[in-house]
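Worksheet: one structure, shown below.
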Amino acid sequence: MLIGGRAAAAQSGDFFESFDPFTGKAWALVPRAGVADVDAAVQAAAAAFRGEWRTMIPSARGQIMTRFADLVAEEAENLAVLETRDNGKLINEMRMQCKYIPQWFRFFGGLADKIEGRVIPIDKPGVFNYTRREPLGVVAAITPWNSPLMLATWKLAPALAAGNTIVWKPSEFSSVSALFFGRLFEKAGFPKGVVNIVTGFGHEIGDRLVTHPDVAKVAFTGGDATGRRVYQAAAGGLKKVTLELGGKSANIVFADAKMEAAIPGLVSGIFAATGQTCIAGSRALVQRSVYDQVTEKLVAFAKTARIGDPLDPETQVGPITTLPQRAKVLDYISIANGEGAAQLLGGKIPEDKSIADGWFVEPTIFGNVKQSMRIAQEEVFGPVLSVIPFEDEDEAVAIANDTIYGLAAGMWTQDLGRAIRLPE
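Following numbering that gives the first Met the number 0, the numbering of the sequence shown begins with 0 at its first residue and continues without gaps.
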């Protein structure tokens with residue numbers, strides 16, 4: 000772990016195993032933090048905030064962030080491999096994410112000296128009214144297992160640019176890359192305690208981190224059920240909270256779409272990350288006049304997807320990150336069949352013995368899905384695509400919006416007017 004600028008073991012001396020989803024075997028030991036470690040990390044972050052970081056010239060903060068970005072760029076391949084070993088996502092995707100991380104840190108580093116306030120007109124003599132933006136203090140960043148470094152960057156980079164300090168808790172299922180990341184913060188020249196990393200189980204240390212009186216803001220990405228608990232816990236301390244929760248994104252295919260582009264787009268949108276991303280296109284809304292044609296082509300194209308080792312650049316579908324998540328995905332498949340959806344492809348653990356040790360689920364496609372079905376409403380977070388028919392634009396929009404989620408959507412059409420009009 001990283002606490003107060005130093006590598007730290009858990010005060011208890013405990014560790015936990017991190018598993019490679021492709022082999023199903025433990026490949027790393029990670030410190031198992033307890034409440035005392037969280038307290039130490041928050042104390043270090045609070046001290047750093049009261050120290051030089053908050054008052055440092057903003058451009059100097061930006062320069063440190065730029066040096067960090069350069070280090071990340073140098074280590075991008077190592078970071079990508081660590082991510083893939085730890086969470087099973089495709090190496091091509093992890094390489095792309097690690098390529099963008101330095102750009103985000105450079106962007107926010109450049110923004111550090113451009114944070115402005117406002118002069119507010121006021122109709123009173125001798126009164127000057129203005130606002131200025133001030134850093135909050137200690138920010139608790141809690142990230143999930145699917146894209147830990149990218150999602151952490153979206154939290155850490157803007158918070159650091161504004162002069163805040165950090166306590167970051169990555170998911171217990173993908174902490175290894177975060178610990179490597181921590182070494183780079185030290186090397187870049189961040190003052191001790193500005194960035195702290197604690198690794199451990201959410202149910203053991205999450206509540207203490209979220210409710211700690213010295214934490215001013217909580218930034219959380221994860222499932223909606225956990226997000227609700229985070230929100231409720233943080234509310235007791237009147238903390239600022241940012242929640243990025245689930246998604247049930249719809250890709251809408253109109254009859255005039257170029258199918259040679261739409262079909263690969265739909266397949267990669269759900270299966271490339273094994274469905275384990277909040278923006279996964281888990282619902283394909285297809286105009287009824289081409290529904291059978293599109294469904295047939297989807298199944299045929301998805302059958303060609305190569306399942307295997309996520310470190311192999313030729314692999315197109317990797318494993319599920321955790322065993323509990325695989326069980327959840329298989330449960331949803333069973334529920335969908337029980338509710339009357341037509342299973343058109345997949346739906347089970349692959350029979351290929353070469354990947355038998357991995358935590359895989361076959362790419363799965365359901366047809367004739369109704370909006371009342373759970374796979375149309377709930378986030379599966381796995382390689383499961385629901386294909387839903389619609390008649391016209393109005394019905395497509397109604398179906399797309401008929402979930403509790405509102406994250407992302409796509410559209411396949413050659414009608415430019417429609418493409419501009421529907422998102423409005």
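Glycine residues also receive a C-beta, built at the ideal position from the N, C-alpha and C atoms.
Model, not experiment: these values are computed from the prediction.
- For residue 385, the secondary structure class from DSSP, reduced to helix, strand or coil, is strand.
- Apart from the 5 residues on each side of it in sequence, residue 233 sits with its Cβ closer than 6 Å to the Cβ of 209, 217, 240 in its chain, given in chain order.
- A distance below 7 Å between beta-carbons, with the five flanking residues on each side excluded, links residue 79 to the following residues of its chain, in chain order: 90, 93, 94, 97.
- Excluding the 5 residues flanking it on each side, residue 373 has same chain C-beta neighbours closer than 8 Å at 331, 334, 335, 338, in chain order.
- Membership of residue 396 in the alpha helix (DSSP H) is indicated by the continuous run 392-400.
- Straight-line measurement puts the Cα of residue 275 at about 12 Å from the Cα of residue 267.
- Sequence-distant Cβ neighbours of residue 188 in its own chain, meaning closer than 7 Å and more than five residues away, are 63, 66.
- In the displayed model, residue 0 falls within coil according to three-state DSSP, outside both helix and strand.
- Assignment of beta strand (DSSP E) within the segment 156-202, counting only whole runs of 3 or more residues, yields 164-168, 194-196 in chain order.
- Assignment of beta-bridge partners to residue 250 by DSSP yields 283, 409.
- Apart from the 5 residues on each side of it in sequence, residue 346 sits with its Cβ closer than 6 Å to the Cβ of 332, 363 in its chain, given in chain order.
- Looking at the DSSP output, residue 16 sits in a beta bridge with 28.
- Inter-segment contact for the segment 307-314 and the segment 400-419 is absent: fewer than three beta-carbon pairs are separated by less than 8 Å.
- Between residue 356 and residue 22, the C-beta gap is smaller than 7 Å, which places the two residues in contact.
- Look at residue 299 here: in three-state DSSP terms it is helix.
- The Cβ-Cβ distance between residue 179 and residue 322 does not fall below 7 Å.
- DSSP, reduced to helix, strand and coil, places residue 325 within a helical segment of the structure shown.
- Excluding the 5 residues flanking it on each side, residue 2 has same chain C-beta neighbours closer than 6 Å at 39, 40, 43, 195, in chain order.
- When rounded, the separation of the alpha-carbon atoms in residue 309 and residue 388 is 33 Å.
- With contact defined as three or more Cβ pairs closer than 8 Å, the segment 220-237 and the segment 107-115 are not in contact.
- Excluding sequence positions up to five before and after residue 18, its CB lies within less than 6 Å of the CB of 25, all in the same chain and listed in chain order.
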